[in-house]
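**Student:** Under the UniProt record's numbering, read the sequence shown as residues 1 to 589, first letter to last.
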Amino acid sequence: MALDGIVTRAIVRELQSIVGGRINKIHQPSQSDIVIQLRGAGSGRRLLLSANPTYPRVQFTEESFPNPQEAPMFCMLLRKYCEGGTIESVTQAGLERIIHIEVRQRDEMGDVSLKRLVIELMGRHSNIILLDPATQVQLDGIHHVTPAISSYRVVMPGFTYTEPPAQDKIDPLDSSKEQFLAAFKNAVEEGNAAHSGWLVAAYSGFSPLIAEEIYWRAFGISKPGAAGAEQTVDADKLWNAFSELTGEAREHQYAPMIGDNAKGKSVFSAVRLSLIQENRKEFDSISACMEEYFGEKALRDTVKQKTSDLLRFLQNERNKNVKKISNLEKDLAEAEDAEQYRIRGELLLSSLHSIKKGDPSVELVNYYDENQAVETIPLDPLLTPSENAQRYFKKYNKFKNSLAVIDEQMNKTRSEIRYLDELLQQLSYATMNDVDEIREELIQQGYLRDRSKKGKKKKKQDKPTLHVYTSSEGIEIYVGKNNLQNEYVTNRLGSPNDTWLHTKDIPGSHVLIRSQTFGDATLNEAAQLAAYFSQAKSSSSVPVDCTLIRYVRKPNGAKPGFVIYDHQRTLFITPDEQLIKNLPSTVKK
Numbered sequence: 001m002a003l004d005g006i007v008t009r010a011i012v013r014e015l016q017s018i019v020g021g022r023i024n025k026i027h028q029p030s031q032s033d034i035v036i037q038l039r040g041a042g043s044g045r046r047l048l049l050s051a052n053p054t055y056p057r058v059q060f061t062e063e064s065f066p067n068p069q070e071a072p073m074f075c076m077l078l079r080k081y082c083e084g085g086t087i088e089s090v091t092q093a094g095l096e097r098i099i100h101i102e103v104r105q106r107d108e109m110g111d112v113s114l115k116r117l118v119i120e121l122m123g124r125h126s127n128i129i130l131l132d133p134a135t136q137v138q139l140d141g142i143h144h145v146t147p148a149i150s151s152y153r154v155v156m157p158g159f160t161y162t163e164p165p166a167q168d169k170i171d172p173l174d175s176s177k178e179q180f181l182a183a184f185k186n187a188v189e190e191g192n193a194a195h196s197g198w199l200v201a202a203y204s205g206f207s208p209l210i211a212e213e214i215y216w217r218a219f220g221i222s223k224p225g226a227a228g229a230e231q232t233v234d235a236d237k238l239w240n241a242f243s244e245l246t247g248e249a250r251e252h253q254y255a256p257m258i259g260d261n262a263k264g265k266s267v268f269s270a271v272r273l274s275l276i277q278e279n280r281k282e283f284d285s286i287s288a289c290m291e292e293y294f295g296e297k298a299l300r301d302t303v304k305q306k307t308s309d310l311l312r313f314l315q316n317e318r319n320k321n322v323k324k325i326s327n328l329e330k331d332l333a334e335a336e337d338a339e340q341y342r343i344r345g346e347l348l349l350s351s352l353h354s355i356k357k358g359d360p361s362v363e364l365v366n367y368y369d370e371n372q373a374v375e376t377i378p379l380d381p382l383l384t385p386s387e388n389a390q391r392y393f394k395k396y397n398k399f400k401n402s403l404a405v406i407d408e409q410m411n412k413t414r415s416e417i418r419y420l421d422e423l424l425q426q427l428s429y430a431t432m433n434d435v436d437e438i439r440e441e442l443i444q445q446g447y448l449r450d451r452s453k454k455g456k457k458k459k460k461q462d463k464p465t466l467h468v469y470t471s472s473e474g475i476e477i478y479v480g481k482n483n484l485q486n487e488y489v490t491n492r493l494g495s496p497n498d499t500w501l502h503t504k505d506i507p508g509s510h511v512l513i514r515s516q517t518f519g520d521a522t523l524n525e526a527a528q529l530a531a532y533f534s535q536a537k538s539s540s541s542v543p544v545d546c547t548l549i550r551y552v553r554k555p556n557g558a559k560p561g562f563v564i565y566d567h568q569r570t571l572f573i574t575p576d577e578q579l580i581k582n583l584p585s586t587v588k589k
């Protein structure tokens with residue numbers, strides 16, 4: 001990752017298109033993210049402000065985000081002071097990772113007020129702060145920093161805003177050759193000139209990636225003096241490379257791109273990177289670049305946080321059921337010996353005359369055995385011979401009856417494990433909306449308690465979220481990513497002659513091709529979706545069954561999402577992630 005001052009500069013440049021635009025709606029889909037719907041300049045676009053400690057960013061987004069039923073307090077505050085307002089300006093604080101968005105709004109009294117949104121993209125210290133620019137008093141921040149946490153700056157309502165500590169570095173966009181050579185001379189004296197790190201220490205807004213790029217442009221490698229020969233570093237060549245790169249940033253000549261560095265780690269940049277050779281991908285805008293780079297990572301991170309309690313609960317439930325299966329197998333092994341108790345009872349009844357009360361055991365010929373072997377039968381000395389025989393018959397009847405119960409319990413427990421495996425699999429690729437639907441399903445099934453406020457009626461979801469992909473032939477393919485969606489797609493959305501797909505004997509999504517006429521390309525892409533959104537995502541030659549909806553049915557009393565089907569044919573698919581990503585997709589609600 002390389003969200004540095006130059007990337008921030010590119011973002012601010014791109015956001016000039018929204019100056020003069022109006023803020024239509026504001027949502028806070030997670031504890032770190034704000035989504036602003038714009039009208040006018042930047043019409044119809046969504047702006048994402050993220051203070052995520054791992055993936056902080058500001059960008060235009062095409063992603064869909066859930067809108068919580070109850071808006072957090074910070075979101076309510078932004079709606080009060082910014083919704084309906086006009087964006088006056090978007091600026092950067094020097095070359096720091098700090099963006100200021102000025103919003104002018106007319107309040108309910110008709111008075112015009114100016115507010116400033118400060119977005120600090122500082123890794124784990126990232127924040128979004130709303131303040132009054134006239135007084136510098138903070139109205140609130142998305143993350144509070146109390147006096148107990150920091151004595152330098154407090155982020156809480158009513159406190160004066162204090163900028164993050166200044167680093168007193170040189171502005172690279174305003175640096176002369178003399179300043180550069182002086183800084184280089186210091187690096188030589190300290191023995192650091194062979195490595196690009198001194199550029200990061202000397203100049204504001206530079207990430208290690210940008211510093212390495214300067215060395216690469218100058219020498220074709222990122223560490224020309226790795227053996228310690230600082231004199232091999234040509235200062236003039238280094239200045240030329242430095243001047244070239246900073247000139248691109250100064251003149252806003254951006255070339256957003258993603259690629260793998262020398263260590264194989266994926267990185268992104270707002271300017272052209274010569275050092276990136278592998279998996280290079282270029283973009284028309286910095287927003288599109290960051291959407292590609294951060295989108296899936298940030299979603300998975302946010303979903304992981306939101307589902308930690310669900311994952312723990314489901315894993316515990318699964319472990320309980322696995323243990324239950326083990327105990328049932330032990331009971332089954334014991335119950336399968338029931339026949340020997342009947343035989344012992346029969347042998348005792350036929351030999352009552354030769355047994356005395358008080359005998360601890362008796363040896364009798366087992367005439368049920370073809371070898372007529374002598375068997376030692378343990379007895380209870382306190383019981384009569386007849387009572388001992390009856391004791392064995394009771395054991396026989398008990399275990400005989402338990403066989404049917406054990407078999408039923410084992411089937412139910414295996415079904416439970418299969419259901420929990422499906423839910424765990426669904427959580428692995430769930431979106432925020434999908435997680436809410438999985439949680440709702442668990443409440444409906446009695447696994448979780450409904451903790452919504454009493455007396456507050458929940459909005460009934462008649463139709464769940466629907467994930468729709470478009471095949472290369474223009475055919476719509478529906479993918480259920482949880483059981484509520486699977487049930488809707490299969491039982492309500494599909495027509496009898498629509499084609500239905502699912503991985504064979506593997507937990508996964510229900511996939512529906514909503515057309516009776518399509519080619520092999522659509523069928524293959526639907527099978528790819530079924531294999532990719534399944535437990536066998538990382539496998540090869542995944543068996544995928546396809547049949548018509550008319551041959552798919554849900555057994556009475558079955559768990560959500562469970563169906564049986566026939567008349568199927570099986571395709572063998574190796575999931576192709578790039579193919580899935582290239583398929584146009586949308587979310588319908």
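Idealized CB from N, CA, C, for every residue including glycine.
In this text, all values refer to a predicted model and were calculated from it rather than measured experimentally.
Bridge partners for Tyr-478 per DSSP, in chain order?
**Tutor:** Looking at the DSSP output, Tyr-478 shares a beta bridge with Val-468 and Leu-512.
**Student:** Is Lys-559 helix, strand or coil by DSSP?
**Tutor:** coil
**Student:** Report the option in Phe-533, Asp-545 and Arg-569 whose CA atom is closest to the CA atom of Lys-581.
**Tutor:** Phe-533
**Student:** So who's on the other strand from Trp-500, going by DSSP bridges?
**Tutor:** Leu-512 and Thr-547
**Student:** So Gly-295 is in the alpha helix (DSSP H); what residue range does that whole segment cover?
**Tutor:** Start and end: 286-335.
**Student:** Just reading off the alpha helix (DSSP H) that Pro-208 is part of, what are its end residues?
**Tutor:** Going by DSSP, Pro-208 is part of the alpha helix (DSSP H) stretching over 208-219.
**Student:** In whole angstroms, give me the CA-to-CA distance for Glu-230 and Lys-185.
**Tutor:** Residue placement at Glu-230 is poorly supported in this model, since its pLDDT is 45, which falls under 50; the coordinates still yield a value, given next. Rounded to the nearest angstrom, the two C-alpha atoms are 11 Å apart.
**Student:** Identify the residues that DSSP records as bridge partners of Asn-127: which are they?
**Tutor:** Glu-120
**Student:** Tell me the rounded alpha-carbon separation between Pro-360 and Lys-412.
**Tutor:** 42 Å
**Student:** Reducing DSSP to helix, strand and coil, say where Thr-246 ends up.
**Tutor:** helix
**Student:** If we count the other Cβ atoms within 10 Å of its Cβ and call it buried at 16 or more, is Ala-182 buried or exposed?
**Tutor:** exposed
**Student:** Leaving out five residues on either side along the sequence, give the residues of the same chain with a beta carbon under 7 Å from the beta carbon of Gly-474.
**Tutor:** none
**Student:** Ordered along the chain, which non-local residues of its own chain (more than five positions away) have a Cβ less than 8 Å from that of Arg-318?
**Tutor:** Ile-417, Leu-420, Asp-421 and Leu-424
**Student:** Check each candidate in Val-479, Leu-364 and Thr-470 and name the one with the smallest Cα separation from Pro-464.
**Tutor:** Val-479
**Student:** Please confirm whether Ile-26 and Ile-34 have their CB atoms less than 8 Å apart.
**Tutor:** yes
**Student:** With C-beta atoms as the reference, is Tyr-55 less than 8 Å away from Phe-294?
**Tutor:** yes
**Student:** CA-CA distance, Ile-99 and Glu-189?
**Tutor:** 36 Å
**Student:** Does DSSP put Thr-135 in a helix, a strand or coil?
**Tutor:** coil
**Student:** Pull up the distance between the alpha-carbon of Met-290 and that of Asn-497, whole angstroms please.
**Tutor:** 42 Å
**Student:** Take Arg-449 and list the residues in its own chain whose beta-carbon comes closer than 8 Å to its own, dropping the five residues that flank it on each side.
**Tutor:** Ile-443
**Student:** Roughly how many angstroms separate the alpha carbons of Leu-348 and Glu-339, rounded to a whole number?
**Tutor:** Each residue's Cα considered, the two are about 14 Å apart.
**Student:** Note down the Cα distance separating Arg-300 from Arg-439, rounded to an integer number of angstroms.
**Tutor:** 17 Å
**Student:** How far does the beta strand (DSSP E) with Gly-197 in it reach, from first residue to last?
**Tutor:** Here Gly-197 belongs to no beta strand (DSSP E); instead the alpha helix (DSSP H) covers 197-202.
**Student:** Quick one: using the 10 Å Cβ neighbour count with 16 as the cut-off for buried, is Arg-492 buried or exposed?
**Tutor:** The residue is exposed, with fewer than 16 neighbouring Cβ atoms inside 10 Å.
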